[in-house]
Amino acid sequence: MDPEAPAAASPPASAPAPRPAKCRRSPKPPSVLLSKAGVTALLGLATLYTLLPLTWLLLSSTKSREDLFGTNGFALGDEIHLAENLDQLFAADGGVYLRWVINTVEYAGIGALLASLFSVAAGYAFDKLAFPGKERLFSLVLLGVMVPGTAMAIPLYLLAAEAGVVNTFWSVFVPGLVFPFGVYLARVFSAAYVPDEVLEAARMDGAGEFKTFCRIALPMMAPGFVTIFLFQFTQIWNSFFLPLVMLSDKELYPVNLGLYVWYSSALSQGHPEDYLLAVVGSLVSVVPLIVVFLMLQRFWKSGMTAGAVK
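What follows is the structure in structure tokens.
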């Protein structure tokens with residue numbers, strides 16, 4: 060073979076076979092419950108579930124006793140008797156309903172205020188201070204969150220009996236000062252609202268721990284304080300089982316227990332007028348909760364978003 064001859068052209072390399080095009084799957088449509096229409100429908104059902112009992116309560120409170128039992132629950136009576144029903148409510152049994160309202164304000168208002176202050180102080184300590192066994196102690200607090208209040212009623216009654224305070228104001232007031240869920244929330248709020256650098260600057264200026272908490276941390280945690288107050292206020296205001304176990308004196312009853320007594324009297328002792336009193340009293344008992352939430356909603360809304368944005 061002539062070395063000068065050009066080398067034979069090698070056969071071209073075979074081109075790689077084209078890959079089959081991936082089958083593009085069309086995105087799955089969102090489920091019915093997660094679609095916009097589904098979410099709107101669920102919210103609408105939740106709104107109806109919330110407003111229908113209140114609507115029935117409002118309409119029933121405007122009826123006479125005859126119309127209450129003789130007309131549809133969501134229909135108006137022949138005449139509006141709301142003013143007369145309110146007069147009867149506050150005059151019944153020597154005006155005991157007003158005494159029940161005052162008791163409930165004392166249990167829920169003062170109790171929730173002190174419970175919120177204790178919870179904020181404890182949550183701040185768990186978040187910012189270092190002391191032995193801190194996390195183990197906080198685990199006990201979380202354990203208290205998981206225990207329902209009704210399960211603690213009988214043990215609390217036995218403790219109150221040992222202390223000799225059964226059937227007194229303190230037997231209902233003191234348990235309301237303990238709010239484990241508020242301590243947990245306060246720790247979250249402390250981490251979100253109180254920077255460590257500000258506390259260090261205060262300590263370098265000579266402020267003690269108590270003064271640092273009162274002058275710096277507590278004002279910063281004001282939205283959290285109000286949020287915890289609303290939670291505990293609502294919980295104490297709606298409390299029923301603990302007063303039922305602790306109290307036998309009618310003058311010490313909160314509103315819920317007093318209304319239950321009237322309702323039971325209407326069913327078991329044949330006093331239909333007590334049924335109307337229980338209905339009107341239930342409507343009046345809702346008003347303070349609505350007023351408190353409307354007054355504090357600005358702080359409550361800001362407190363609910365604590366830690367959402369870093």
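In my numbering, the protein residues as written are 60 to 369. C-beta: ideal position from N, C-alpha, C; glycine also. Note that the structure is predicted; figures quoted are calculated from it, not measured.
Short of 7 angstroms in beta carbon distance, which residues of its chain neighbour residue i, apart from the five on each side in sequence? Order them along the chain.
| i | result |
| --- | --- |
| tryptophan 159 | Tyr312, Pro313, Val314 and Gly317 |
| tryptophan 115 | Gly132 and Phe133 |
| methionine 354 | none |
Identify whether residue i lies in helix, strand or coil by the three-state DSSP scheme.
| i | result |
| --- | --- |
| glutamine 294 | helix |
| aspartate 264 | coil |
| leucine 188 | coil |
| glutamate 194 | helix |
| glycine 97 | helix |
| valine 206 | coil |
| glycine 309 | Reading off the sequence, residue 309 comes out as lysine, not glycine. It is helical. |
| alanine 134 | coil |
| phenylalanine 299 | coil |
| leucine 110 | helix |
| glycine 283 | helix |
Which one of the options has the shortest CA to CA distance from residue i?
| i | options | result |
| --- | --- | --- |
| aspartate 186 | Gly329, Pro302, Leu301 and Val253 | Val253 |
| glutamate 221 | Pro282, Gly129 and Met305 | Met305 |
| valine 338 | Tyr108, Leu127 and Ala276 | Leu127 |
| leucine 301 | Pro214, Val343, Val155 and Ile169 | Pro214 |
| proline 207 | Val237, Glu259 and Leu196 | Val237 |
| aspartate 168 | Phe232, Gly129, Ala96 and Ser94 | Going by the sequence as given, residue 168 is glycine instead of aspartate. Checking every option, the nearest Cα to that of glycine 168 belongs to Phe232. |
| glycine 340 | Ala142, Ala212 and Leu101 | Ala142 |
For residue i, which residues in the same chain have their Cβ closer than 8 angstroms to its Cβ, ignoring the five residues on either side in sequence?
| i | result |
| --- | --- |
| methionine 205 | none |
| leucine 135 | Leu118, Thr121 and Lys122 |
For residue i, which residues in the same chain have their Cβ closer than 6 angstroms to its Cβ, ignoring the five residues on either side in sequence?
| i | result |
| --- | --- |
| phenylalanine 358 | Pro282 and Val285 |
| serine 307 | Asn226 |
| methionine 279 | Tyr252 and Val253 |
Which first and last residues belong to the alpha helix (DSSP H) in which residue i is found?
| i | result |
| --- | --- |
| isoleucine 169 | Looking at the DSSP string, isoleucine 169 is not in any alpha helix (DSSP H), and its letter there is neither H nor E. |
| arginine 124 | 124 to 129 |
| phenylalanine 149 | 141 to 150 |
| serine 31 | Nothing about residue 31 can be reported from this structure: the residues present for the chain run from 60 to 369 only. |
| glycine 317 | 314 to 327 |
- [ ] Pick out the complete alpha helix (DSSP H) segments inside the region 211 to 261, 4 residues or longer, and give them in chain order.
- [x] Listed in chain order, the complete alpha helix (DSSP H) runs (minimum 4 residues) inside the region 211 to 261 are 212 to 222, 228 to 232 and 239 to 252.
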